[in-house]
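Numbering (full-length UniProt numbering), first residue to last: 1 to 917. Cβ atoms here follow ideal geometry from the backbone N, Cα and C, with glycine treated the same way.
Structure (structure tokens):
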């Protein structure tokens with residue numbers, strides 16, 4: 001098989017060897033280019049500068065050469081975070097390419113700033129086009145600097161880019177059929193999907209939202225909802241979109257964590273973004289919290305600060321309610337519940353009175369509505385007990401309603417009116433989003449159908465009596481009784497919704513709702529299996545139907561003809577799950593053993609699939625749902641409780657059933673005003689609002705908007721500070737830190753070598769060239785013939801001047817360092833300590849620099865550049881080597897990979913004043 005992929009080598013000695021070769025060879029680097037890239041890697045500034053300068057003259061190396069990893073010198077400097085070398089390379093106009101993207105990915109803020117300022121036109125704020133070169137790039141064309149910076153979530157880099165006016169493409173809707181989307185999908189559907197994903201990764205960046213959004217909360221809500229919708233449409237990237245949606249939700253929650261007072265919290269939760277400054281009044285209605293519930297922001301709603309504010313409003317009339325004993329709470333709730341008829345009457349008569357306002361409190365309203373519903377359930381229980389003593393009423397085909405049924409009727413009409421008002425106020429879409437509303441709709445529909453059928457039966461049959469056994473199957477009274485019994489079940493189960501208010505029963509109620517979804521999924525697969533086996537068994541036993549006896553089917557003692565029809569077969573297979581079917585139902589009267597064997601095998605296979613496989617799968621799904629709720633019990637319960645509380649915070653719906661059917665004076669007043677406005681409207685009598693009212697309203701809305709922006713500004717400052725602080729805490733010590741430390745040590749090594757005897761220009765070039773290009777010095781440097789004695793004399797004069805300058809500025813409080821390189825020790829740097837101030841040190845550096853400009857060493861031969869021996873630097877006369885000694889430190893930096901330093905006993909000596917002649 002290997003011969004299919006590799007060319008056979010004729011010179012191969014062994015037949016079981018696979019010849020290997022490089023099939024995609026790349027051009028090799030020259031020795032000078034490798035040395036040049038090595039100097040950049042090590043941080044040797046002087047060698048890199050010398051190489052760049054000589055490359056401009058002799059063109060022996062390509063300053064844009066690429067190493068085997070595909071990195072140019074600029075990319076290597078960016079990876080090592082060496083800003084000095086990056087600035088040096090940019091000054092020599094090296095090819096930038098996608099260096100900006102690499103700097104953003106490595107999160108090197110200094111390098112990003114240098115690249116953004118590189119070749120920037122004067123007064124230009126945009127990113128230079130030279131930095132957006134996509135040819136041979138490691139990034140896809142849709143990755144722009146701002147998109148990559150947002151994906152890394154680096155606040156400083158994003159801020160730098162936003163200050164230059166960058167922009168992000170607006171992603172189209174997933175079902176968009178515009179020409180651009182259609183053509184992009186036709187050309188490359190994968191690239192189109194990945195491009196959309198990259199844009200959303202950038203838009204979901206918390207730092208980008210914090211910097212660029214005027215309303216970060218609204219942006220996070222809408223973006224998380226949109227990403228959740230995308231996850232259901234694009235299943236290929238479902239996990240990525242769901243993770244981005246969770247990021248947006250967590251950002252909104254973390255931003256709300258930064259609130260420090262109730263005033264800030266109220267400003268955030270009460271703000272409305274679509275308010276009209278002149279026409280709308282911004283009332284205290286928790287608009288932002290309602291929006292969070294609409295977009296299913298569970299983390300935001302369950303945030304402790306938000307829950308604290310809601311709890312204070314819920315228990316408005318009962319300060320310290322949570323600290324009371326449970327018995328006191330129970331007695332208080334029972335007393336208020338028993339008083340709900342009186343409180344409702346007080347509200348109808350005087351809505352603004354003390355007791356009228358008392359029932360409008362959310363907690364009191366909840367107790368009154370609960371007490372009213374419990375009364376309704378008690379009446380349903382009485383209606384099901386048949387307390388009548390007249391047996392003739394049981395056989396009456398059109399019975400009149402009983403007293404209890406007449407009492408139940410106002411409650412049913414009150415529930416129906418409450419649902420109509422709720423649908424009108426919230427809208428149809430919001431109404432059907434709540435499953436409890438759907439349950440209420442079914443319950444009310446069943447009660448209305450029951451009432452209608454009873455009216456039909458009363459009109460059609462009246463008081464006519466007939467034995468119930470002789471009634472037809474679809475008799476209106478029988479159907480009404482069946483529907484009424486189903487409605488009673490729904491009414492009793494509706495009480496489960498009130499469990500949400502309790503911390504112990506609430507999570508169980510939420511788990512039950514999730515399990516119902518699992519049951520629906522299970523039933524879809526189970527019905528398919530049930531129909532498949534029912535069809536097969538009915539086809540097999542269709543010809544063996546018996547007519548013995550009047551009873552047929554599984555309800556008979558013999559359970560004969562269990563598979564004779566499709567309907568009977570479906571019933572038989574369903575009840576077999578509960579063990580209510582005997583095995584002899586597969587027998588037939590004729591001696592057809594093979595048919596019985598096939599039927600028994602099919603029946604057994606069905607039981608294995610339904611009981612062993614499907615039923616256990618349902619149990620596992622329900623267990624998974626319960627575990628999910630248990631893991632997030634606090635968030636799920638608080639979110640569900642908030643939805644319950646918010647329904648009682650709304651204006652209107654104060655009175656429970658059946659008192660909500662009675663028109664209150666306030667309702668009559670509103671109705672008269674509406675009729676006068678819409679039916680008897682006259683243009684000349686229209687009362688217009690004064691400019692003073694409009695101005696006051698507009699000023700109030702503008703003030704609230706300004707206050708909201710001020711609160712957002714403070715929250716963003718705290719959030720950014722916390723984000724940076726947490727990032728530093730979580731980062732810890734990583735491998736990158738060790739690499740940076742190694743690079744710093746290497747750069748420090750060459751800096752010290754470049755500071756030899758205070759002459760960074762000369763000695764640094766000499767020493768660093770030798771280290772950066774070991775055994776391979778630049779052969780094309782100019783040569784200056786001069787005798788060796790003159791060379792030593794010039795070096796000695798330079799060193800003597802430097803030493804004298806140092807000795808004249810001695811101060812005991814400060815320490816400076818002078819370095820000399822010993823070629824015999826191959827990498828030891830001797831740092832001699834001498835006291836001087838910082839200003840004097842700067843003076844010394846300037847003096848030595850000017851001295852270096854005046855003194856030249858024409859005798860140096862670049863063919864044989866090497867480190868100056870200590871004997872040449874300091875002389876060999878013994879008399880000049882013992883007069884002045886100072887405390888020195890010898891640091892070995894030749895083995896920087898081992899990260900070890902040795903403190904060696906002071907041993908360096910200074911020269912005599914006279915010096916060698």
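Nearest-angstrom Cα separation, counted from residue j out to residue i
i           : j           : result
residue 481 : residue 596 : 43 angstroms
residue 524 : residue 403 : 44 angstroms
residue 919 : residue 547 : In the structure as shown, the chain starts at 1 and stops at 917, and residue 919 therefore has no counterpart that could be examined.
residue 539 : residue 545 : 12 angstroms
residue 501 : residue 718 : 34 angstroms
residue 716 : residue 257 : 11 angstroms
residue 183 : residue 291 : 36 angstroms
residue 772 : residue 98  : With a pLDDT of 40 at residue 772, under the threshold of 50, the predicted position of this residue should be treated as unreliable, and no value is reported.
residue 74  : residue 117 : 15 angstroms
residue 686 : residue 703 : Reliability fails at residue 686, whose pLDDT of 44 lies under 50, so the model's placement of it is uncertain and no value is given.
residue 165 : residue 110 : 19 angstroms
residue 618 : residue 646 : 34 angstroms
residue 667 : residue 411 : 20 angstroms
residue 869 : residue 22  : Unreliable placement is indicated for residue 869, whose pLDDT of 37 sits below 50; the coordinate value is still reported in the next sentence. Those two C-alpha atoms are separated by around 46 angstroms.
residue 405 : residue 332 : 31 angstroms
residue 744 : residue 187 : 48 angstroms
Contacting residues, own chain, Cβ-Cβ under 7 angstroms from residue i (five flanking each side not counted)
i           : result
residue 318 : 363
residue 765 : The pLDDT assigned to residue 765 is 41, lower than 50, so where the model puts this residue is not dependable; a value taken from the coordinates is nonetheless given after this. 46, 50.
residue 575 : 554, 581
residue 159 : 211
residue 340 : 368, 371, 372, 656
residue 113 : 160
residue 169 : 199
residue 6   : Residue confidence is low: residue 6 scores 48 on pLDDT, short of 50, so the model does not pin down where it sits. No coordinate-derived value is stated.
residue 294 : none
residue 609 : 529
Chain-order list of residues whose beta-carbon lies under 8 angstroms from that of residue i (same chain, five-residue window excluded)
i           : result
residue 707 : 267
residue 227 : 200, 204, 241, 242, 244, 245, 248
residue 925 : Shown here, the chain extends from 1 to 917; a query on residue 925 therefore has no answer.
residue 637 : 500, 503, 506, 507, 510
For residue j and residue i, believed in contact at Cβ under 8 angstroms, the rounded distance
i           : j           : result
residue 217 : residue 161 : In fact, because the Cβ distance is near 24 angstroms, the residues do not count as touching under 8 angstroms.
residue 919 : residue 171 : Any question about residue 919 goes unanswered here, given that the chain covers just 1 to 917.
residue 419 : residue 440 : 6 angstroms
residue 302 : residue 634 : 7 angstroms
residue 148 : residue 104 : 5 angstroms
residue 641 : residue 506 : 6 angstroms
residue 446 : residue 483 : 5 angstroms
residue 379 : residue 345 : The Cβ separation is near 20 angstroms, so there is no contact.
Residues near residue i by beta carbon distance below 6 angstroms, same chain, minus five either side
i           : result
residue 233 : 174
residue 321 : 315
residue 454 : 480
residue 163 : none
residue 793 : In this predicted model, residue 793 has a pLDDT of only 44, less than 50, meaning its place in the structure is not dependable enough to derive any value.
residue 27  : none
Neighbour-count burial assignment, residue i, 16 or more Cβ in a 10 Å radius
i           : result
residue 659 : buried
residue 259 : buried
residue 308 : exposed
residue 102 : buried
residue 623 : exposed
residue 776 : Because residue 776 sits at a pLDDT of 44, beneath the cut-off of 50, its placement in the model cannot be relied upon, and the following sentence gives the value as read from the coordinates. By the 10 Å Cβ count, residue 776 comes out exposed.
residue 219 : buried
Run of the alpha helix (DSSP H) containing residue i, from where it starts to where it stops
i           : result
residue 423 : 403–426
residue 575 : 566–576
residue 663 : Here residue 663 belongs to no alpha helix (DSSP H), and DSSP marks it neither H nor E.
residue 539 : 506–541
residue 636 : 633–649
residue 70  : Where residue 70 is concerned, there is no enclosing alpha helix (DSSP H), given that its DSSP letter is neither H nor E.
residue 607 : 593–607
residue 326 : 326–338
is_contact[residue i, chain C] using C-beta, thresh 8 angstroms
i           : result
residue 462 : Among the chains of the structure shown, chain C does not appear; only one protein chain is present.
heavy atom of the ligand GDP below 7 angstroms from residue i C-beta
i           : result
residue 303 : Summarising the ligand content, the structure contains no ligands, and the ligand GDP is consequently not present.
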